[in-house]
């Protein structure tokens, strides 16, 4: 765990955990992770599906909830929000000790709203107001429809985790939504910009998985030589955009009012290809003002044998060459991003629907036994 502490204190990157389940809370494991350097937590519908369907930890609560014959979706949110509140308690000391720099817990809006701007805005506002904790981040997907909701939430002084970013162009639009939202909020009487936090979540390993498949299909020596380079290259170019965007007169005016940068967050950092090192998507993207949210196995691997070195802004010329090379050999990077966004939204929706279906069945079985 010493590496996790050093990652933050020496290199300015905050390690967060990309998982949440009831057993982590009741066993004290989450508190132990927080004590050893984990500085926040992210969740999503797939994580909750695995947690709720994969253990008996929720059965007693669900039996009690189902007895009221409420809609199953309300029972789902009751179970999820109990875990979220408990995680918020665990990370509250980190939030206060870092003066709001870390200690955040993220919960995602209903994935069925990914292409519904008004619905997303309403759902995000409801989560913020009903949970009402300063270290909560509500996750909104970076779809075209999500962008106005992101800006509006920031304009209301709410902290947002922007998720499912797969392209540099969309990332630039996400940062613009954050800046424009802060400017709107700054015009509100009594606005405290220092209380607004945001991260922009770039999904890393999925980019390599998709691009590598296309490179294999192209099959030329030039294409095959680029395998495994796309995701890290895009992350490094994203960091360049971040540094450029959060500098200059427009940003300085907001910073003077107390605003903090919207940090890049590297998500999907488990290595899908066994040919690549298991800490690749942590090692290669270390640098200040960033977050890496790690699944359990990746967290353990990095704590055991990760490489502590500032790499996120090293060899940028090589990253630019690799990114340009992908287009040159015939990889349609716009299509890659569009496909990954569709799959990301669909995957979360599928998990959400499957879990609600399983809970509906279980509720019916419980009613029959009454």
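Numbering (this note's numbering), first residue to last: 122 to 491. All residues carry an ideal CB built from backbone N, CA and C; glycine is no exception. Quick caveat, the model's predicted, so the values are computed rather than measured.
Practice prompt. Quick one: give me the first and last residue of the alpha helix (DSSP H) that residue 353 is part of.
Written response: Indexing the chain shown from 1 puts residue 353 at position 232. Segment 351-366, the alpha helix (DSSP H) holding residue 353.
Worksheet item: When you compare only the Cα positions, how much space is there between residue 243 and residue 375?
Response: Counted from its first residue, the chain shown places residue 243 at position 122. Counted from its first residue, the chain shown places residue 375 at position 254. CA-to-CA, the gap between residue 243 and residue 375 works out to about 26 Å.
Worksheet item: When the Cα atoms are used, what is the spatial distance from residue 140 to residue 221?
Response: As a first step, residue 140 must be located in the chain shown, where it is residue number 19. As a first step, residue 221 must be located in the chain shown, where it is residue number 100. Residue 140 and residue 221 have their alpha carbons spaced roughly 21 Å apart.
Item to complete: Pull up the distance between the alpha-carbon of residue 370 and that of residue 410, whole angstroms please.
Response: Here residue 370 corresponds to residue number 249 of the chain shown, with the count starting at 1. Here residue 410 corresponds to residue number 289 of the chain shown, with the count starting at 1. A direct Cα-Cα distance of roughly 20 Å separates residue 370 from residue 410.
Item to complete: Grab me the residues of residue 446's own chain with a C-beta within less than 6 Å of its C-beta, minus the 5 sequence neighbours each way, in chain order.
Response: Within the chain shown, the letter at position 325 stands for residue 446. The residues are 347.
Practice prompt. Please classify residue 451: is it buried, with 16 or more other beta-carbons within 10 angstroms of its beta-carbon, or exposed?
Written response: Mapped onto the chain shown, residue 451 falls at position 330. Classified as exposed, residue 451 has fewer than 16 neighbouring CB atoms from the shown chains inside 10 Å of its CB.
Item to complete: Inspect the CB distances between the region 399-413 and the region 308-318 and report whether three or more fall short of 8 Å.
Response: The way I'd put it, the region 399-413 doesn't touch the region 308-318; fewer than three beta-carbon pairs between them come closer than 8 Å.
Practice prompt. Report the rounded CA-to-CA distance for residue 312 versus residue 293, giving the unit in angstroms.
Written response: Residue numbering aside, residue 312 sits at position 191 when the chain shown is read from its first letter. Residue numbering aside, residue 293 sits at position 172 when the chain shown is read from its first letter. Each residue's CA atom was taken as its position, placing residue 312 and residue 293 some 25 Å apart.
Worksheet item: Cβ of residue 364 within 8 Å of Cβ of residue 443?
Response: The residue labelled residue 364 in the question sits at position 243 within the chain shown. The residue labelled residue 443 in the question sits at position 322 within the chain shown. No, these two residues do not count as a Cβ contact at 8 Å.
Item to complete: Look up residue 323 in the DSSP assignment and give the residues it is bridged to.
Response: Indexing the chain shown from 1 puts residue 323 at position 202. DSSP, once it has assigned bridges, lists 286, 387 as partnering residue 323.
Practice prompt. May I ask you to verify whether the region 283-297 touches the region 322-339, counting CB pairs closer than 8 Å and requiring at least 3?
Written response: Between the region 283-297 and the region 322-339, the count of Cβ pairs shorter than 8 Å is three or higher; the stretches touch.
Worksheet entry | Separation of residue 489 from residue 137, as counted between CA atoms | By 1-based counting over the chain shown, the position of residue 137 is 16. By 1-based counting over the chain shown, the position of residue 489 is 368. Rounded to the nearest angstrom, the two C-alpha atoms are 42 Å apart.
Practice prompt. Round the Cβ separation of residue 440 and residue 380 to the nearest angstrom and send it over; I've been treating them as touching at under 8 Å.
Written response: Working through the chain shown from its first residue, we reach residue 440 at position 319. Working through the chain shown from its first residue, we reach residue 380 at position 259. With 8 Å as the limit, residue 440 and residue 380 do not qualify as a contact, their Cβ atoms being about 28 Å apart.
Worksheet item: Is residue 194 buried or exposed, if buried means 16 or more other CB atoms sit within 10 Å of its CB?
Response: As a working note, residue 194 is residue 73 in the chain shown. By the 10 Å Cβ count, residue 194 comes out exposed.
Worksheet item: Measuring CB to CB, does residue 480 end up less than 8 Å from residue 197?
Response: Position 359 of the chain shown, counted from the start, is the residue given in the question as residue 480. Position 76 of the chain shown, counted from the start, is the residue given in the question as residue 197. With contacts defined by Cβ atoms closer than 8 Å, residue 480 and residue 197 form a contacting pair.
Worksheet item: When the Cα atoms are used, what is the spatial distance from residue 200 to residue 183?
Response: One-based indexing of the chain shown puts residue 200 at position 79. One-based indexing of the chain shown puts residue 183 at position 62. Each residue's alpha carbon lies about 8 Å from the other.
Practice prompt. Can you check DSSP and say which residues form a bridge with residue 413?
Written response: For this step, residue 413 is matched to residue 292 along the chain shown. According to DSSP, residue pairing for residue 413 in a beta bridge involves 136, 387.
Worksheet item: How far does the beta strand (DSSP E) with residue 310 in it reach, from first residue to last?
Response: Here residue 310 is taken as the residue at index 189 of the chain shown, counted from 1. In this chain, residue 310 is not harboured by any beta strand (DSSP E), its DSSP state being neither H nor E.
Item to complete: Find out if the Cβ-Cβ distance for the pair residue 391, residue 418 is shorter than 8 Å.
Response: Along the chain shown, one-based indexing puts residue 391 at 270. Along the chain shown, one-based indexing puts residue 418 at 297. Cβ atoms of residue 391 and residue 418: closer than 8 Å.
Worksheet item: Beta-carbon separation of residue 476 and residue 170 under 8 Å?
Response: Reading the chain shown from its first residue, position 355 is the one you call residue 476. Reading the chain shown from its first residue, position 49 is the one you call residue 170. For residue 476 and residue 170, yes; Cβs fall inside 8 Å.
Item to complete: Return the bridge partner residues of residue 227 from the DSSP annotation.
Response: Position 106 of the chain shown, counting from 1, holds the residue named residue 227. Paired residue(s): 163, 258.
Practice prompt. Would you tell me roughly how many angstroms separate the C-alpha atoms of residue 482 and residue 187, rounded to the nearest one?
Written response: Position 361 of the chain shown holds residue 482. Position 66 of the chain shown holds residue 187. Within the model, the alpha-carbon separation for residue 482 versus residue 187 is close to 11 Å.
Worksheet item: Based on the DSSP output, what are the partners of residue 281 in its beta bridges?
Response: What you label residue 281 is simply residue 160 of the chain shown in a count that begins at 1. Residue 281 is bridged by DSSP to 259, 319.
Practice prompt. Please report how far the alpha carbon of residue 149 lies from the alpha carbon of residue 234, in whole angstroms.
Written response: Within the chain shown, residue 149 is the residue found at index 28, counting from 1. Within the chain shown, residue 234 is the residue found at index 113, counting from 1. Cα atoms of residue 149 and residue 234: separation of roughly 34 Å, rounded to the nearest angstrom.
Discussion item. According to DSSP, is residue 130 part of a helix, a strand, or is it coil?
Written reply: Translated into the one-based positions of the chain shown, residue 130 becomes position 9. The answer is helix: DSSP assigns residue 130 an H, G or I state.
Worksheet item: Considering only residues of the same chain and omitting the five flanking positions on each side of residue 289, which have a CB-CB separation below 8 Å?
Response: The sequence position of residue 289 within the chain shown is 168, counting from 1. Within the same chain, residue 289 has close Cβ partners 355, 358, 359, 362.
Item to complete: State the DSSP-derived secondary structure class of residue 455, mapped to helix, strand or coil.
Response: Translated into the one-based positions of the chain shown, residue 455 becomes position 334. Assigned with DSSP and collapsed to three states, residue 455 falls in helix.
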